[in-house]
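Asker:
Residue numbers (full-length UniProt numbering): 1 to 338.
1. Taking the alpha carbon of residue 52 as the reference point, which residue from 115, 41, 127 and 23 has its own alpha carbon closest?
2. Mind checking whether residue 56 and residue 125 have CB atoms under 8 angstroms apart?
3. DSSP on residue 126, reduced to helix/strand/coil?
4. What is the C-beta distance between residue 81 and residue 70, in whole angstroms, given that I count them as a contact (C-beta under 8 angstroms)?
5. For residue 192, I'd like the list of residues in its chain whose CB is within less than 7 angstroms of its CB, leaving aside the five on either flank, ordered along the chain.
6. Which first and last residues belong to the beta strand (DSSP E) in which residue 312 is found?
7. Give the DSSP-derived three-state secondary structure of residue 7 in the structure shown.
8. Residue 339 and residue 163 look like a contact to me (Cβ under 8 angstroms); what is the Cβ gap, rounded to whole Å?
9. Buried or exposed: which applies to residue 114, given that a residue is buried once 16 or more other Cβ atoms fall within 10 Å of its Cβ?
10. Residues in its own chain within less than 6 angstroms of residue 253 by CB, not counting five upstream and five downstream?
11. Three Cβ pairs or more, each shorter than 8 angstroms: is that satisfied between the segment 28 to 35 and the segment 313 to 331?
12. Looking at C-alpha atoms only, which residue of 168, 308, 68 and 321 is the closest neighbour of residue 264?
13. Going by CA-CA distance only, name the one from 241, 153, 205 and 239 that's closest to residue 105.
14. For residue 300, collect the residues of the same chain with a Cβ closer than 7 angstroms to its Cβ; drop the 5 residues on either side in sequence, then sort them by chain order.
15. In chain order, what are the residue ranges of uninterrupted alpha helix (DSSP H) at least 4 long that sit wholly in the segment 164 to 210?
16. For residue 316, which of 238, 7, 19 and 76 has the nearest alpha-carbon?
17. Where does residue 188 land, buried or exposed, given buried means 16+ other C-beta within 10 angstroms?
18. How far does the alpha helix (DSSP H) with residue 13 in it reach, from first residue to last?
19. Taking only the alpha-carbon atoms, compute the straight-line gap between residue 74 and residue 103 and give it to the nearest angstrom.
20. Alpha carbon to alpha carbon, how far is residue 14 from residue 107?
21. In whole angstroms, give me the CA-to-CA distance for residue 38 and residue 308.
22. Verify whether the separation of the beta carbon atoms of residue 182 and residue 134 is less than 8 angstroms.
23. For residue 71, list the residues DSSP reports as bridge partners.
24. Buried or exposed: where does residue 129 fall if 16 or more other Cβ atoms within 10 Å of its Cβ makes it buried?
25. Drop a sphere of 10 angstroms on the beta-carbon of residue 241, count the other beta-carbons inside from all chains shown, and report buried for 16 or more, exposed for fewer.
26. Measuring CA to CA, which of 5, 310, 20 and 170 is closest to residue 258?
27. By the three-class DSSP mapping on this structure, what secondary structure does residue 93 have?
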């Protein structure tokens, strides 16, 4: 049976749950879900020039842009053994001087900031994949669009434009990092919405799958509960605390996350989380601002880590699904592999 036929033969709740486990939109009809799932399962994982993915996860901001550089310890992505190589919060305006005659947020000025940031991140971290948090225009359902939100959205669009231009003009396009947008709501729901980063079950594509598996995390009204910042911060603190005491091999059983902090700045951020004290970093530290920072700003650092680990888990789930659908994928690849 071809892959497309196999997917369309599943019940709608099965397809929706499969899409959820891959980090894809999980609403719509079977005809809407099937092409996205099929594309993800046929998509190559790593850049051809790199044996293991090296993921740069970006939580958008201007004075508090969060970045996290993650690298699975094996070529096959696994959330049971991830190195955190870099983990920082950046003020992207830091390289500008207060005496600059140009306002900071005009298109001409912000484009130079975006070019400096995009070039620096590529040179410093050499990622194979770049995940960019997708910004919303409104917060909390408000009708007004805040000026600061527009500025962050401008920077997001300019980063995409910079990297897309670099990719198009690169002498080796295939070696340029793959770029993907990440929905913050989808990441939060994946980790804190009741599933807690579910790994694919062997019964997902057969008659042994139970529909109630997909209903975890739903409120009685049928929707999913809103994930609070403190839930995400608490989850990251738990991961970091376990990183000190739990061996990755012991996490295989229940599909938890195993982290190893490699970079100096990542170790500083861990201490920052576990002590809830602000660290004054200078270059390579948490923040370059001089004033005290509220604990609430932990969410910027939490978000970029959760986003990056979610992407690795989604790729891990895709790999497991490929194993479950091996026969169908072997048939589909010669035809649909482009």
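Backbone N, C-alpha and C define an ideal beta-carbon position, used for all residues, glycine too.
Answerer: Inspection of the coordinates gives the following:
1. Position 52 of the chain shown, counted from the first residue, corresponds to residue 52. Among 115, 41, 127 and 23, the Cα nearest to that of residue 52 belongs to 127.
2. Mapped onto the chain shown, residue 56 falls at position 56. Mapped onto the chain shown, residue 125 falls at position 125. Between residue 56 and residue 125, the CB-CB gap stays under 8 angstroms.
3. For the purposes of this step, residue 126 is taken as residue 126 along the chain shown, with counting starting at 1. Coil.
4. For the purposes of this step, residue 81 is taken as residue 81 along the chain shown, with counting starting at 1. For the purposes of this step, residue 70 is taken as residue 70 along the chain shown, with counting starting at 1. No, residue 81 and residue 70 are not in contact; Cβ-Cβ is about 11 angstroms, not under 8 angstroms.
5. On the chain shown, residue 192 is found 192 positions in, with the first residue counted as 1. For residue 192, where only same-chain residues beyond five positions count, the Cβ hits under 7 angstroms are 227, 231, 232 and 235.
6. As a first step, residue 312 must be located in the chain shown, where it is residue number 312. No beta strand (DSSP E) holds residue 312; the alpha helix (DSSP H) holding it covers 298 to 324.
7. Along the chain shown, one-based indexing puts residue 7 at 7. Here residue 7 sits in helix by DSSP.
8. This structure cannot speak to residue 339, because the chain is shown only from 1 to 338.
9. What you label residue 114 is simply residue 114 of the chain shown in a count that begins at 1. With 16 or more other Cβ atoms within 10 Å, it is buried.
10. One-based indexing of the chain shown puts residue 253 at position 253. Only weak support is given to the placement of residue 253: the predicted model assigns it a pLDDT of 43, under 50, and the question is left unresolved by the model.
11. Under the Cβ criterion (8 angstroms, minimum of three pairs), the segment 28 to 35 does not count as touching the segment 313 to 331.
12. For the purposes of this step, residue 264 is taken as the residue at position 264 of the chain shown. Nearest C-alpha to residue 264: 68.
13. Your numbering for residue 105 matches position 105 in the chain shown. Minimum Cα distance to residue 105 is reached at 153.
14. Looking up residue 300 in the chain shown gives position 300. Setting aside the 5 residues that flank it on each side, residue 300 is surrounded in the same chain by 59, 61, 64, 66 and 89, each with a C-beta closer than 7 angstroms to its C-beta; the list follows chain order.
15. Runs of alpha helix (DSSP H) with 4 or more residues, each lying fully within the segment 164 to 210, are found at 184 to 192, listed in chain order.
16. Counted from its first residue, the chain shown places residue 316 at position 316. For residue 316, the nearest C-alpha among the options comes from 76.
17. Counting from 1 along the chain shown, the entry for residue 188 is found at position 188. A buried status is given to residue 188, since no fewer than 16 other beta-carbon atoms sit within 10 Å of its beta-carbon.
18. For the purposes of this step, residue 13 is taken as residue 13 along the chain shown, with counting starting at 1. Looking at the DSSP string, the run of the alpha helix (DSSP H) that includes residue 13 is 12 to 21.
19. Your numbering for residue 74 matches position 74 in the chain shown. Your numbering for residue 103 matches position 103 in the chain shown. Their Cα atoms are separated by approximately 46 angstroms.
20. Mapped onto the chain shown, residue 14 falls at position 14. Mapped onto the chain shown, residue 107 falls at position 107. Straight-line Cα distance between these residues: approximately 46 angstroms.
21. The sequence position of residue 38 within the chain shown is 38, counting from 1. The sequence position of residue 308 within the chain shown is 308, counting from 1. Take the alpha-carbon of residue 38 and the one of residue 308: they are about 22 angstroms apart.
22. For the purposes of this step, residue 182 is taken as residue 182 along the chain shown, with counting starting at 1. For the purposes of this step, residue 134 is taken as residue 134 along the chain shown, with counting starting at 1. Closer than 8 angstroms, so yes.
23. In the chain shown, residue 71 corresponds to position 71, counting from 1. Bridge partners of residue 71: 83.
24. Mapped onto the chain shown, residue 129 falls at position 129. Classification of residue 129: buried, given that the 10 Å Cβ count is 16 or more.
25. For this step, residue 241 is matched to residue 241 along the chain shown. Exposed, since its Cβ has fewer than 16 Cβ neighbours within 10 Å.
26. Here residue 258 refers to the residue found at position 258 of the chain shown. Nearest of 5, 310, 20 and 170 to residue 258, Cα basis: 310.
27. Within the chain shown, the letter at position 93 stands for residue 93. Residue 93: coil per DSSP, three-state reduction.
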